[in-house]
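Encoded as structure tokens, the structure appears first; notes follow it.
There are 2 protein chains.
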Amino acid sequence: MKCSGLLFPARLKMYCDRIRKKVINPKPKIKIKKISSSISHIDADNSIGFVAADIGIKEAIKNAKKTGMGLVAVKKSGHYGLSSFYAEQAVKNNLLVFCFTNAPAAIAPYGAKKSLFGTNPICFGAPTGKTPFILDASTSMINRGKIRRASKLGQKIPYGVALDKNGNITTDANKALKGTQLPIATFKGSGLAWMVDILSGVLTGSSHSGKTKDPFDDFSGPQNMGHLFITINPKIFSGNNFLKEMKKNISRIKKLPKAKGFKSILYPGERKNNTYRKNLNKDISIPPKILKELNDLHDK
Amino acid sequence: MKCSGLLFPARLKMYCDRIRKKVINPKPKIKIKKISSSISHIDADNSIGFVAADIGIKEAIKNAKKTGMGLVAVKKSGHYGLSSFYAEQAVKNNLLVFCFTNAPAAIAPYGAKKSLFGTNPICFGAPTGKTPFILDASTSMINRGKIRRASKLGQKIPYGVALDKNGNITTDANKALKGTQLPIATFKGSGLAWMVDILSGVLTGSSHSGKTKDPFDDFSGPQNMGHLFITINPKIFSGNNFLKEMKKNISRIKKLPKAKGFKSILYPGERKNNTYRKNLNKDISIPPKILKELNDLHDK
Numbered sequence: 058m059k060c061s062g063l064l065f066p067a068r069l070k071m072y073c074d075r076i077r078k079k080v081i082n083p084k085p086k087i088k089i090k091k092i093s094s095s096i097s098h099i100d101a102d103n104s105i106g107f108v109a110a111d112i113g114i115k116e117a118i119k120n121a122k123k124t125g126m127g128l129v130a131v132k133k134s135g136h137y138g139l140s141s142f143y144a145e146q147a148v149k150n151n152l153l154v155f156c157f158t159n160a161p162a163a164i165a166p167y168g169a170k171k172s173l174f175g176t177n178p179i180c181f182g183a184p185t186g187k188t189p190f191i192l193d194a195s196t197s198m199i200n201r202g203k204i205r206r207a208s209k210l211g212q213k214i215p216y217g218v219a220l221d222k223n224g225n226i227t228t229d230a231n232k233a234l235k236g237t238q239l240p241i242a243t244f245k246g247s248g249l250a251w252m253v254d255i256l257s258g259v260l261t262g263s264s265h266s267g268k269t270k271d272p273f274d275d276f277s278g279p280q281n282m283g284h285l286f287i288t289i290n291p292k293i294f295s296g297n298n299f300l301k302e303m304k305k306n307i308s309r310i311k312k313l314p315k316a317k318g319f320k321s322i323l324y325p326g327e328r329k330n331n332t333y334r335k336n337l338n339k340d341i342s343i344p345p346k347i348l349k350e351l352n353d354l355h356d357k
Numbered sequence: 058m059k060c061s062g063l064l065f066p067a068r069l070k071m072y073c074d075r076i077r078k079k080v081i082n083p084k085p086k087i088k089i090k091k092i093s094s095s096i097s098h099i100d101a102d103n104s105i106g107f108v109a110a111d112i113g114i115k116e117a118i119k120n121a122k123k124t125g126m127g128l129v130a131v132k133k134s135g136h137y138g139l140s141s142f143y144a145e146q147a148v149k150n151n152l153l154v155f156c157f158t159n160a161p162a163a164i165a166p167y168g169a170k171k172s173l174f175g176t177n178p179i180c181f182g183a184p185t186g187k188t189p190f191i192l193d194a195s196t197s198m199i200n201r202g203k204i205r206r207a208s209k210l211g212q213k214i215p216y217g218v219a220l221d222k223n224g225n226i227t228t229d230a231n232k233a234l235k236g237t238q239l240p241i242a243t244f245k246g247s248g249l250a251w252m253v254d255i256l257s258g259v260l261t262g263s264s265h266s267g268k269t270k271d272p273f274d275d276f277s278g279p280q281n282m283g284h285l286f287i288t289i290n291p292k293i294f295s296g297n298n299f300l301k302e303m304k305k306n307i308s309r310i311k312k313l314p315k316a317k318g319f320k321s322i323l324y325p326g327e328r329k330n331n332t333y334r335k336n337l338n339k340d341i342s343i344p345p346k347i348l349k350e351l352n353d354l355h356d357k
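Just so you know, the sequences run in chain order A and B. Numbers in my numbering are just positions in the first sequence, counted from 1, shifted up by 57. Numbers in my numbering are just positions in the second sequence, counted from 1, shifted up by 57.
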């Protein structure tokens, strides 16, 4: 089977389960409320997140192309996969972009011992003339998807990235899923996760402060997740100079003397893009446990 | 002498020196180029940063009040003090706000052993109905201002926040100023600092990738710093519901069980605000070294 990554296959069963249990709406009436030529508010009608977010980013791209900037809030949505997928679309349209989404409780706010914020990534993209600059940094020490995958595969997680339910550091993925993840940079990471909760949850009119349902474990209703896209056309400030300066920027940074153990300095998005290109023409082995899940789905 | 903090007095001599040496323009012709009713581009004509940034944030507030959002880029500016000062103005006008600024080289990009990025803070503000939510997180482990102050006062800096010029961890503030600071969360912090460099440097048409002059040490020309302000009126998406939901958000988070050593959970900006209120009616002792600098200025 050809496939560019494992995150989607590992989640496919969950999406199907949620549709069957009617907490994802497979035939949503997605409404786009145009607030101005720059600003839109989308009610996703509990659609699968991918569909709603794809409509959202395309709207944000259209708005920025027309007016120089776009602001699109999406409410009543669900888990949308990787933020970088949407950022890349905007960057390929020569725009700068922020993508924010909330997520089910995974990390404890600074000063608390219970999970509340999601892994709430900060995703930013910019055109470079070559491989897009795409920063997609979760505010947790490790992505929740990686812990889930380690749990599925019976693998350990690194030391110092998560606590068990009693507040002790654990390397056991299952215990980490029941406990809480640690934010990057203590109070700063906690503050950044809180910011993302406000932008994608409170501002969009979606769930927030720990009320986003876990798509794997909680079938009591739709997730009511929120996304926020901000797009900027760099030409409004510097015409065609933006790309010229971006190239200078990257080239100066890449020329810096390297730290021990580094042969080159990569900008955010470069490593992922290299891996993606390599993997495109390769078979990727899917772990038996996930393959069985996929085959079972097929049989249903 | 009454004073709410020490950062400004510690920098006053530098501002005066730069004006005397003609690398800050004390009589700038600041031009506001209106790109649309939401977007403005300001040429600060090498003004002192405070003045340019104050005009910038006021323009961003005006734009968001009129259209729902504002985007203001400032070029040819200088060091503008604390981002939170500008964020607070927007929040007091019931807006959400991002403030980005670049700064002289202080931290090494991930993979490099030489400083290039500034401490490039991520500053975000939101109204709460009470004390403003103001996150002002530098992407370095410690603020450069704190290292400068420690250096002036002959104090040590914490372990693990900076390297000397040979790449070794140091607690000596003077050695740290000649070496490089460490970014938060390794490659994630480095990526966030790079993002701020693009937004406030490349996008605004200002200095970037390590070309911002150090205001204390480099008098060879103006700093050509850039700032970017993004303002959003939350009413466009949720009317008066935003404040109601923000209150719920904060109240839920504050009620979480506390981690060991914590009596309460504070949101970003609360601690600073408490200190500010306490200090307003208190004398703050200014260290003799800084006081002498101020008196010397007075005598000139």
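Positions of the beta carbon are idealized from the N, C-alpha and C atoms, including for glycine.
Q. So is HIS136/A buried or exposed if we call it buried at 16+ other beta carbons inside 10 Å?
A. buried
Q. Considering only residues of the same chain and omitting the five flanking positions on each side of LYS270/B, which have a CB-CB separation below 6 Å?
A. GLN280
Q: Count the other CB atoms, across all protein chains shown, that sit within 10 Å of the CB of SER263/A; report buried if there are 16 or more and exposed otherwise.
A: buried
Q. Under three-state DSSP, which class holds LYS59/A?
A. Below a pLDDT of 50, predicted positions are generally treated as unreliable, and LYS59/A, at 38, falls in that range; no measurement from the model is reported.
Q.
Using a Cβ-Cβ cutoff of less than 6 Å, which residues in the same chain neighbour ASN290/B once the five nearest sequence positions on both sides are dropped?
A. ALA121, GLY125 and LEU152
Q. Is the CB of VAL259/B under 7 Å away from at least one CB in chain A?
A. yes
Q: Would you check if the distance between the CB atom of ALA160/B and the CB atom of GLN238/B is smaller than 7 Å?
A: no
Q | Start-to-end residues for the beta strand (DSSP E) that takes in ALA101/A | A | Neither: ALA101/A is in no beta strand (DSSP E) and is coded neither H nor E.
Q) Beta-carbon of ILE191/B versus every beta-carbon of chain A: anything under 7 Å? A) no
Q | Distance between ILE204/B and PRO344/B (C-alpha atoms, nearest Å) | A | 15 Å
Q.
Taking its Cβ as the centre, do 16 or more other Cβ atoms sit within 10 Å of THR243/A, making it buried, or is it exposed?
A. exposed
Q: Answer yes or no: does any C-beta atom of chain B fall closer than 7 Å to that of LYS245/A?
A: yes
Q. Using the C-alpha atoms, what's the distance from ALA67/B back to LEU354/B?
A. 12 Å
Q | Length of the line joining the Cα atoms of CYS60/B and PRO325/A | A | The pLDDT assigned to CYS60/B is 39, lower than 50, so where the model puts this residue is not dependable; a value taken from the coordinates is nonetheless given after this. If you take the alpha carbons of CYS60/B and PRO325/A, they lie about 42 Å apart.
Q | Straight-line gap, ASP254/B to ASP102/A (C-alpha atoms, nearest Å) | A | 38 Å
Q | Residues of its chain near ASN200/B, where Cβ-Cβ distance is below 7 Å and the 5 sequence neighbours each way are ignored | A | THR176
Q. Under a three-way DSSP split, which group does ASP353/B fall into?
A. helix
Q. For GLN146/B, which residues of its own chain have a beta-carbon under 6 Å away from its beta-carbon, when the five flanking residues on both sides are left out?
A. ILE114
Q) What does HIS98/A reach in chain B if we use C-beta pairs closer than 8 Å? A) ILE293 and PHE294
Q. Cβ of ALA117/B less than 7 Å from any chain A Cβ?
A. no
Q. Residues of chain A with CB under 7 Å from PRO166/B, in chain order?
A. ILE310, LEU313 and ILE322
Q. Using a C-beta to C-beta distance shorter than 8 Å, which residues of chain A count as neighbours of ASN281/B?
A. In chain order: nothing, as chain A lies at least about 12 Å away.
Q) Between the segment 309 to 317 of chain A and the segment 167 to 175 of chain A, do at least 3 Cβ pairs fall closer than 8 Å? A) no
Q. What's the C-alpha gap between MET282/A and ASP111/A?
A. 14 Å
Q. From MET58/A to ASP340/A, what distance separates their C-alpha atoms?
A. Bear in mind that the predicted position of MET58/A carries a pLDDT of just 36, short of 50, making it too unreliable to give a figure here.
**Q.** chain A contact for GLU327/B (CB, 7 Å cutoff)
**A.** no
Q: Taking only the alpha-carbon atoms, compute the straight-line gap between LYS317/B and THR158/B and give it to the nearest angstrom.
A: 36 Å
Q: Count the other CB atoms, across all protein chains shown, that sit within 10 Å of the CB of THR261/A; report buried if there are 16 or more and exposed otherwise.
A: buried
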